[in-house]
Amino acid sequence: MKTISKITLGKEGPLVSKLGLGCMRMSSVWGGPVNDERESIATIQMALDSGINFVNTGDFYGSGHNELLVGKAIKGRRDDAFISVKFGAIFYGGQWLGLDLRPIAIKNFINYSLVRLGIETIDLYQPCRLDNVVPVEDVIGTVADLIKEGKVRHLGVSEINAEQLRKAHSVHPVTALEIGYSLADREVERDLLPTAKELGIGVVAFANTAEGLLTGEMRAPLAADDYHHHFSRFQGENLIKNLEKVEVLKRMAKEKGYTPTQLAIAWINAQGDEIMPLVSMSRRSRLPENMQAMEIVFTPEDLNTLNTHFSPGAIAGGTYLQR
Ligand SMILES: NC(=O)c1ccc[n+]([C@@H]2O[C@H](COP(=O)([O-])OP(=O)(O)OC[C@H]3O[C@@H](n4cnc5c(N)ncnc54)[C@H](OP(=O)(O)O)[C@@H]3O)[C@@H](O)[C@H]2O)c1
6 MKTISKITLG KEGPLVSKLG LGCMRMSSVW GGPVNDERES IATIQMALDS
56 GINFVNTGDF YGSGHNELLV GKAIKGRRDD AFISVKFGAI FYGGQWLGLD
106 LRPIAIKNFI NYSLVRLGIE TIDLYQPCRL DNVVPVEDVI GTVADLIKEG
156 KVRHLGVSEI NAEQLRKAHS VHPVTALEIG YSLADREVER DLLPTAKELG
206 IGVVAFANTA EGLLTGEMRA PLAADDYHHH FSRFQGENLI KNLEKVEVLK
256 RMAKEKGYTP TQLAIAWINA QGDEIMPLVS MSRRSRLPEN MQAMEIVFTP
306 EDLNTLNTHF SPGAIAGGTY LQR
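When you line the sequence shown up against this note's numbering, it's residues 6 to 328, in that order.
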C-alpha cells in the first residue's frame, strides 16, 4: 500500500497527511452501537503505519470513549500522530443538549481530554460550533491561552460561517476549518471556502459521502429505525430523487473501475492542496480503498460532469447543516 502524501495545514501550519482519519463512528455518539474496540484501535494504527497522521476525535464522541480509543492506539508512538480534538458539545443519553463554551468549561474539558488521550499537548483544538451565548473573543481567547500554556499547539474551528471565521481569525490565527463538504453539499463554496483561502486557513472537509448517500450503497425505503430519517434529504420523494442523482456517480465509478465512495473522496481531494478529505473509517478494510481514492486524477470532462450534475443545491431536501 502506498503511503499518503503530506500537506501544510494552513499558511505555514503543521505538516499533516492529505487524508485524515475520522474516528467518530468508532464510538456511540447519537446512541448507536459501539464499534469493535480492537478493530477500531487496529484501524487507527494501520492508518498511522500508512502515513495518515491526522486523527480526528471529539471529547463528546461516546462521552470520552473515542479519546480513550485514540489514546490506546497512539501509546508509544505519539510522534506518528497529529491529534485533532473538538470540544463544547453536551450530549446526554445519545441526545445533543447544546453547547458549553464558557472559558471555565473549556479549561475543564481540556484537562480531561489530555488524560484520556494520554498526551501532554493537543495538536489542534477546536470548538465544535460557536454560539451567541459566549462571545467569540472568549472562546478563541481561551484556546489562545491554552496555546500559551503549552496544552494546545494550533487553533481550529468547526461548522462556522465566513463572518465567524474572520472574527475568530482576528482574535487568534486559525490553522484549520473543519466543515461538511461533498458533491452533495457545496454551499460552502460560495463564501466560506474563499474566505478560508484568503486568510490562509486549511480546510478539513468531512462528510465526503454525505452521510452515506454517495457510497452508492443506500437503498429506498430506509429501515424504520434508520437515523437518516432525521435528514429531509433522506425522506420520501427526496430520497428517491437523490438516489437517482447518485446513479451518475455509480456509472462513472463503474466505467473507471472505482467505487462511488472513492470518487466522492477523490473529488474533495481535487478541490485544492489546502483541502483535506477527513473520512470516517472504523475498520481496516476501508483503508486501502480510501487511500487509493487519493491517487485518482479526474479528466477535465469528468470534473465537468460531476460539477454540473452535482451543482450546488442539486440535492433535494435540506443541506447537511440543516439536518
Ligand atoms: N465538525 C463536525 O461537526 C463533524 C461532524 C461529523 C463528523 N466529523 C468528523 O468527520 C469524520 C467524517 O465524517 P462522517 O463520518 O460524517 O462522514 P464520512 O467520512 O462520509 O463517513 C460516513 C460513513 O461512510 C463509511 N465509509 C467510509 N469509507 C467507505 C467506503 N470506502 N465505502 C463505503 N462506506 C465507507 C463509514 O463507515 P465505517 O465507519 O463503517 O468505516 C462511515 O460510516 C468523523 O469521523 C468525525 O471525525 C466532524
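Beta carbons are placed, not taken as given, at the ideal position from N, Cα and C, and that holds for glycine.
Since this is a predicted model, take the numbers as computed values, not measurements.
Checklist entry - Where does A94 fall in DSSP's three states? => result Correct three-state label for A94: strand.
Checklist entry - Touching or not, the stretch 235-245 and the stretch 259-268, by the rule of three or more beta carbon pairs under 8 Å? => result No contact exists between the stretch 235-245 and the stretch 259-268.
Checklist entry - Is there at least one non-hydrogen atom of ligand 1 closer than 7 Å to the beta-carbon of L181? => result Rather than Leu, the amino acid found at residue 181 in this sequence is Ala. Checking every heavy atom of ligand 1 against the Cβ of A181, none is found closer than 7 Å.
Checklist entry - Quick one, are the C-beta atoms of A181 and L129 less than 8 Å apart? => result yes
Checklist entry - Rounded C-beta distance between D143 and P178? I'm assuming under 8 Å. => result Wrong, their Cβ atoms sit about 17 Å apart, outside the cutoff.
Checklist entry - How is T220 classed by DSSP in three states: helix, strand or coil? => result In this structure, T220 counts as helix in the three-state DSSP scheme.
Checklist entry - When you compare each of I273, D85 and K246 to L185 by their alpha carbons, which one comes out closest? => result Reading the sequence as shown, one finds Gly at residue 185 and not Leu. Looking at I273, D85 and K246, the one whose alpha-carbon comes closest to that of G185 is I273.
Next on the checklist: Considering only heavy atoms of ligand 1, does any lie closer than 7 Å to the CB of A189?
Outcome noted: no
Checklist entry - Does DSSP put L308 in a helix, in a strand, or in coil? => result Secondary structure of L308 (DSSP, three-state): helix.
Next on the checklist: With a threshold of 6 Å on Cβ separation, who are the neighbours of L227 within its own chain once the five nearest residues in sequence on each side are excluded?
Outcome noted: H233
Checklist entry - Under 8 Å, do I320 and A210 count as touching if we go by C-beta distance? => result no
Checklist entry - From which residue to which residue does the alpha helix (DSSP H) around Q267 run? => result P265 to N274
Checklist entry - If you draw a straight line from the C-alpha of E17 to the C-alpha of K202, how long is it? => result The alpha-carbon of E17 is positioned some 13 Å away from that of K202.
Checklist entry - Going by other Cβ atoms of all chains shown within 10 Å of its Cβ, with 16 needed for buried, is Q100 buried or exposed? => result It is exposed - the Cβ of Q100 has fewer than 16 other Cβ atoms within 10 Å.
Checklist entry - Just reading off the alpha helix (DSSP H) that A210 is part of, what are its end residues? => result First-last for A210: G207 to F211, but that is the beta strand (DSSP E), not the alpha helix (DSSP H).
Checklist entry - What residue range is occupied by the uninterrupted alpha helix (DSSP H) comprising H341? => result A query on residue 341 cannot be resolved here, the shown segment of the chain reaching from 6 to 328 and no further.
Item to check | Endpoints, beta strand (DSSP E) assigned at Y130 | outcome: I127 to P132
Checklist entry - By Cβ distance below 8 Å, which residues in the same chain neighbour I12 in space, the five residues on each side in sequence not counted? => result L20, V21, S22, K23, G207, D278, E279 and M281
Item to check | DSSP three-state assignment for I9, whether helix, strand or coil | outcome: coil
Checklist entry - Nearest CA to the CA of G27: which residue from T324, I301, L244 and R289? => result The candidate whose alpha carbon is nearest that of G27 is R289.
Item to check | Distance, E306 Cα to R328 Cα | outcome: Any answer about R328 is weak, because its pLDDT of 49 lies below 50 and its placement is not dependable; what the coordinates show is given next. Distance between the alpha carbons of R328 and E306: 32 Å.
Checklist entry - Using 8 Å as the threshold, is the stretch 89-97 in touch with the stretch 121-137, meaning 3 or more CB pairs across them? => result Counting Cβ pairs under 8 Å, three or more are found: they touch.
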